[in-house]
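S.K.: For the record, the sequence lines run as chains U and R.
The first sequence begins at 132 in the numbering used here and counts up by one.
The second sequence begins at 6 in the numbering used here and counts up by one.
For glycine and all other residues, C-beta sits at the position ideal for the given N, C-alpha and C.
Note that the structure is predicted; figures quoted are calculated from it, not measured.
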Amino acid sequence: MLQQAFASPRALAVALALVLGTGAGAGAALAAIPAAPPATASAPVVTIGNFTFGPMTITVPVGARVTWVNADDVPHTVVAVDNSFRSKPIDSDERFTFTFAKPGVYSYFCSLHPRMVGKVIVKRP
Amino acid sequence: MADNETVNEGRRGALKCMAWAGTGVVWGLAGGLPVGLGALDAEAATRAAPATPFTFVQVSDSHIGFAKPVNPDARATFREAVAKIRALPDRPAFIVHTGDVSQLSKDQEFDDADQIIKEAGLPVFHVPGEHDVLDDGAGKAFLARYGKDVDGGARGAGWYSFDHAGVHFVALVNVLNLKAGGLGSLGTEQLAWLKADLHARSASTPIVVLAHIPLWSVYPDWGWGTDDGAQALKLLARFGSVTVLNGHIHQVLQKVEGRVAFHTARSTAFPQPAPGQGPSPGPMKVPAEQLRSVLGVRQVDFVRAGQALAVIDTPLA
Chain U
132 MLQQAFASPR
142 ALAVALALVL
152 GTGAGAGAAL
162 AAIPAAPPAT
172 ASAPVVTIGN
182 FTFGPMTITV
192 PVGARVTWVN
202 ADDVPHTVVA
212 VDNSFRSKPI
222 DSDERFTFTF
232 AKPGVYSYFC
242 SLHPRMVGKV
252 IVKRP
Chain R
6 MADNETVNEG
16 RRGALKCMAW
26 AGTGVVWGLA
36 GGLPVGLGAL
46 DAEAATRAAP
56 ATPFTFVQVS
66 DSHIGFAKPV
76 NPDARATFRE
86 AVAKIRALPD
96 RPAFIVHTGD
106 VSQLSKDQEF
116 DDADQIIKEA
126 GLPVFHVPGE
136 HDVLDDGAGK
146 AFLARYGKDV
156 DGGARGAGWY
166 SFDHAGVHFV
176 ALVNVLNLKA
186 GGLGSLGTEQ
196 LAWLKADLHA
206 RSASTPIVVL
216 AHIPLWSVYP
226 DWGWGTDDGA
236 QALKLLARFG
246 SVTVLNGHIH
256 QVLQKVEGRV
266 AFHTARSTAF
276 PQPAPGQGPS
286 PGPMKVPAEQ
296 LRSVLGVRQV
306 DFVRAGQALA
316 VIDTPLA
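1) Report yes if the C-beta distance between R/V249 and R/A266 is below 8 Å; otherwise report no.
2) Counting only Cβ-Cβ distances shorter than 8 Å, please list the residues of the stretch 66-84 of chain R near chain U, keeping chain order.
3) If you run the structure through DSSP and keep just helix, strand and coil, what is R/Q259?
4) Please state the DSSP three-state secondary structure of R/Q63.
5) Quick one: complete alpha helix (DSSP H) runs, 4+ long, within the stretch 83-163 of chain R?
6) Could you check whether the Cβ of U/F182 sits closer than 8 Å to any Cβ belonging to chain R?
7) U/A155: buried (16+ other C-beta within 10 angstroms of its C-beta) or exposed?
8) Considering only residues of the same chain and omitting the five flanking positions on each side of U/S242, which have a CB-CB separation below 7 Å?
9) Answer with buried or exposed for R/T273, where buried requires no fewer than 16 other C-beta atoms within 10 angstroms of its C-beta.
10) Leaving out five residues before and five after R/N182 in sequence, what residues of the same chain have Cβ atoms less than 7 Å from its Cβ?
11) In this structure, does DSSP put R/P225 in helix, strand or coil?
12) Is R/Q304 helix, strand or coil by DSSP?
13) Going by alpha carbons, who is nearest to R/I69 out of R/S107, R/T57 and R/A92?
14) With which residues is U/R226 paired in a DSSP beta bridge?
15) Note down, in chain order, all residues in the stretch 165-189 of chain R with a beta-carbon under 8 Å from any beta-carbon belonging to chain U.
16) Would R/P288 count as contacting chain U if we go by Cβ distances under 8 Å?
17) Pull up the distance between the alpha-carbon of U/K254 and that of R/D233, whole angstroms please.
18) Measure the C-alpha to C-alpha separation of R/V216 and U/D203 and round it to an integer number of angstroms.
19) List the residues of chain U whose Cβ lies closer than 7 Å to the Cβ of R/L109, in chain order.
20) At least one CB of chain R closer than 8 Å to the CB of U/D203: is that the case?
21) Can you tell which of R/G263, R/G283, R/A315 and R/I254 has its C-alpha closest to the C-alpha of R/V299?
22) Decide if U/M247 is buried, meaning its Cβ has at least 16 other Cβ atoms within 10 Å, or exposed.
23) Since R/A293 and R/Q256 are thought to touch, with beta carbons under 8 Å apart, how far apart are those beta carbons, to the nearest angstrom?
24) Looking only at its chain, what residues have a beta carbon closer than 8 Å to the beta carbon of R/P225, apart from the 5 residues adjacent to it on each side?
25) Report the three-state DSSP secondary structure of R/D202 (helix, strand or coil).
26) Give a yes or no on whether the minimum CB-CB distance between U/V251 and chain R is below 8 Å.
27) For a contact meaning CB atoms closer than 9 Å, what does R/L139 contact in chain U?
28) Between the C-alpha atoms of R/G104 and U/H244, what's the straight-line distance to the nearest angstrom?
29) Would you tell me roughly how many angstroms separate the C-alpha atoms of R/A235 and R/P288, rounded to the nearest one?
30) Name the chain R residues that come within less than 9 Å of U/R226, Cβ to Cβ?
31) Please state whether DSSP places U/K250 in a helix, a strand or coil.
32) So, for R/G132: in the same chain, excluding its five sequence neighbours on each side, which residues have a beta-carbon less than 7 Å away from its beta-carbon?
33) Which of the three DSSP states, helix, strand or coil, is assigned to R/R264?
34) Quick one: using the 10 Å Cβ neighbour count with 16 as the cut-off for buried, is R/H136 buried or exposed?
35) With a threshold of 8 Å between beta carbons, is U/S215 in contact with chain R?
36) Under a Cβ-count criterion, where at least 16 other Cβ atoms within 10 Å of its own Cβ denotes burial, should R/A26 be classed as buried or exposed?
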């Protein structure tokens, strides 16, 4: 089953690292593009820039917590084609996180700009 | 860059079968004033039609709530656009807003937009942009607010039609249920409604179509088109005069195909690059002193048969 909340101590530690990373980036908030949080295998980051998901395809282990960061001047969304996950609008410099608890291939797109597509491939470790 | 064009010969030829004629298309020069009307069609001028002269105004893409360096205050520029409308020498019959009223579909953004546009003191007809359907109900907030503007109420996700002085207006919604990898979408339910709505109209009825995303393929790589737009255009093919007014791409573009004239409008918030002329369709940064030359409003004049239908795009400054 897919879970949006993830409460293991390890995930919390990663989340804390993300928050700290954001804090450091916020010092340079005048720059249009925020500093991306450090990506790890279990907490990869997809940067949304120039109406593109980068990288467009990522492969992650089961349980990975994927974060999308919007570096554009316009809001975007992250919506699974099979509707298994759906973000609210992600405004500039905001982020959306989703934990993939089940293996599979998850195609997603931006519901505002549907030409923007991406894929998360979730594999057993 | 000159963006002043008049209607070509192909369009003129098409006008021969029209009882009601629109022959002039005028573009505002960037940073300048609108120039004179296009040439009249002498043959069409001899034909009579009952349409009564009137003017209406199109505004688009106000993006209330947008506050980025290119335009730190989209409310201020929208207010300037409304002031321009208020100052028009000929009072327009109404305003059409072709979507992206708000930046993020927030109540406060819609409230502010309503307060500002109210300063024009005119009826307003809205169609939603993709930024207006970001609420949890996927457009229900927009529909609750603007669906009731219309006599008889809006149908489905908010499409409707109305008549004014012999002209039939159709307001379409092409920003909902978008598919991955696709473009704007009307959907089968709306197309069925459109077919029924147009059925009773005579071919000489002038038609004006409003929709946010262009109904024609302006630049699909950037999502600037509507997947099933061609089906709508097929339903409109028998009419002598069809004018399609869109927003979404924040710049003035025109295309004439047969009897159908397509126009996209400027935004009142920020410009976007010409198709393909940049890494993405995101807001185009321009020097602050140039911003108002790339924002604007559009006035559409319907006059008596044989005289010009003028689409006049005027920058804010």
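M.R.: Put simply:
1) Counted from its first residue, the second sequence places residue 249 of chain R at position 244. Counted from its first residue, the second sequence places residue 266 of chain R at position 261. Going by C-beta atoms, R/V249 is nearer than 8 Å to R/A266.
2) K73, P74 and V75
3) Residue 259 of chain R sits at position 254 when you count from the first residue of the second sequence. Three-state result, R/Q259: strand.
4) On the second sequence, position 58 is the one that residue 63 of chain R refers to. For R/Q63, the three-state secondary structure derived from DSSP is strand.
5) 112-123 and 145-151
6) For the purposes of this step, residue 182 of chain U is taken as the residue at position 51 of the first sequence. Output row for U/F182: interface = yes.
7) Here residue 155 of chain U refers to the residue found at position 24 when the first sequence is read from its first residue. Residue placement at U/A155 is flagged as unreliable, the pLDDT there being 34, under the threshold of 50; a coordinate-derived value is accordingly withheld.
8) As a first step, residue 242 of chain U must be located in the first sequence, where it is residue number 111. Excluding positions up to five away in sequence, the list reads T208 and V210.
9) Counted from its first residue, the second sequence places residue 273 of chain R at position 268. Per the 10 Å Cβ criterion, buried.
10) On the second sequence, residue 182 of chain R is found 177 positions in, with the first residue counted as 1. Taking C-beta separations shorter than 7 Å and ignoring five residues to either side along the sequence, the partners of R/N182 in its chain run S190 and G192, following chain order.
11) Locating residue 225 of chain R in the second sequence gives position 220, counting from the first residue. Helix, per DSSP.
12) Counting from one through the second sequence, the residue named residue 304 of chain R turns up at place 299. Of the three classes helix, strand and coil, the one that applies to R/Q304 here is strand, per DSSP.
13) As a first step, residue 69 of chain R is located in the second sequence; it is residue number 64 there, counting from the start. Out of R/S107, R/T57 and R/A92, R/S107 has the C-alpha closest to the C-alpha of R/I69.
14) The residue given as residue 226 of chain U occupies position 95 in the first sequence. According to DSSP, which records beta bridges pairwise, U/R226 is partnered with U/V200.
15) L183, K184, A185, G186, G187 and L188
16) To locate residue 288 of chain R, count along the second sequence from 1; it is residue 283. By this cut-off, R/P288 is an interface position.
17) Locating residue 254 of chain U in the first sequence gives position 123, counting from the first residue. Locating residue 233 of chain R in the second sequence gives position 228, counting from the first residue. If you take the alpha carbons of U/K254 and R/D233, they lie about 37 Å apart.
18) If you number the second sequence from 1, residue 216 of chain R lands on position 211. If you number the first sequence from 1, residue 203 of chain U lands on position 72. The sequence as given places Ala at residue 216 of chain R; Val does not occur at that position. Distance between the alpha carbons of R/A216 and U/D203 is about 25 Å.
19) To locate residue 109 of chain R, count along the second sequence from 1; it is residue 104. Within chain U, the residues near R/L109 are P206, P220 and D222.
20) As a first step, residue 203 of chain U is located in the first sequence; it is residue number 72 there, counting from the start. Yes, its Cβ sits closer than 8 Å to a Cβ of chain R.
21) For the purposes of this step, residue 299 of chain R is taken as the residue at position 294 of the second sequence. Comparing Cα-Cα distances from R/V299 to each of R/G263, R/G283, R/A315 and R/I254, the minimum goes to R/I254.
22) Numbered from its first residue, the first sequence carries residue 247 of chain U at position 116. With 16 or more Cβ atoms within 10 Å of its Cβ, U/M247 is classed as buried.
23) Position 288 of the second sequence holds residue 293 of chain R. Position 251 of the second sequence holds residue 256 of chain R. Contact flag wrong, Cβ pair sits at about 19 Å.
24) As a first step, residue 225 of chain R is located in the second sequence; it is residue number 220 there, counting from the start. Hits under 8 Å: L188.
25) As a first step, residue 202 of chain R must be located in the second sequence, where it is residue number 197. In the three-state DSSP reduction, R/D202 falls in the helix class (H, G or I).
26) Residue mapping note: residue 251 of chain U aligns to position 120 of the first sequence, counting from 1. No - not a single Cβ of chain R is within 8 Å of the one on U/V251.
27) Within the second sequence, numbered from 1, the residue matching residue 139 of chain R stands at position 134. Here the neighbours are P206, T208, K219, P220, S242 and L243.
28) On the second sequence, position 99 is the one that residue 104 of chain R refers to. On the first sequence, position 113 is the one that residue 244 of chain U refers to. So the alpha carbons of these two residues sit roughly 15 Å apart.
29) Locating residue 235 of chain R in the second sequence gives position 230, counting from the first residue. Locating residue 288 of chain R in the second sequence gives position 283, counting from the first residue. Cα-Cα distance, rounded: 28 Å.
30) The residue you call residue 226 of chain U lines up with position 95 of the first sequence. In chain order: nothing, as chain R lies at least about 16 Å away.
31) Numbered from 1 along the first sequence, position 119 holds the residue referred to as residue 250 of chain U. Strand, per DSSP.
32) To locate residue 132 of chain R, count along the second sequence from 1; it is residue 127. Position check: residue 132 of chain R holds Val in this sequence, whereas Gly was assumed. So the list reads T103, G104, A176, L177, V178, L215, A216 and H217, once near-sequence residues are dropped.
33) One-based indexing of the second sequence puts residue 264 of chain R at position 259. Three-state result, R/R264: coil.
34) For the purposes of this step, residue 136 of chain R is taken as the residue at position 131 of the second sequence. Buried, because 16 or more other Cβ atoms sit within 10 Å of the Cβ of R/H136.
35) As a first step, residue 215 of chain U must be located in the first sequence, where it is residue number 84. Chain R contact via Cβ: absent.
36) Walking along the second sequence from the start, residue 26 of chain R turns up at place 21. The predicted position of R/A26 is uncertain, since its pLDDT is 27 and thus under 50; a value taken from the coordinates is nonetheless stated next. Only buried fits R/A26, as 16 or more other CB atoms lie within 10 angstroms of its CB.
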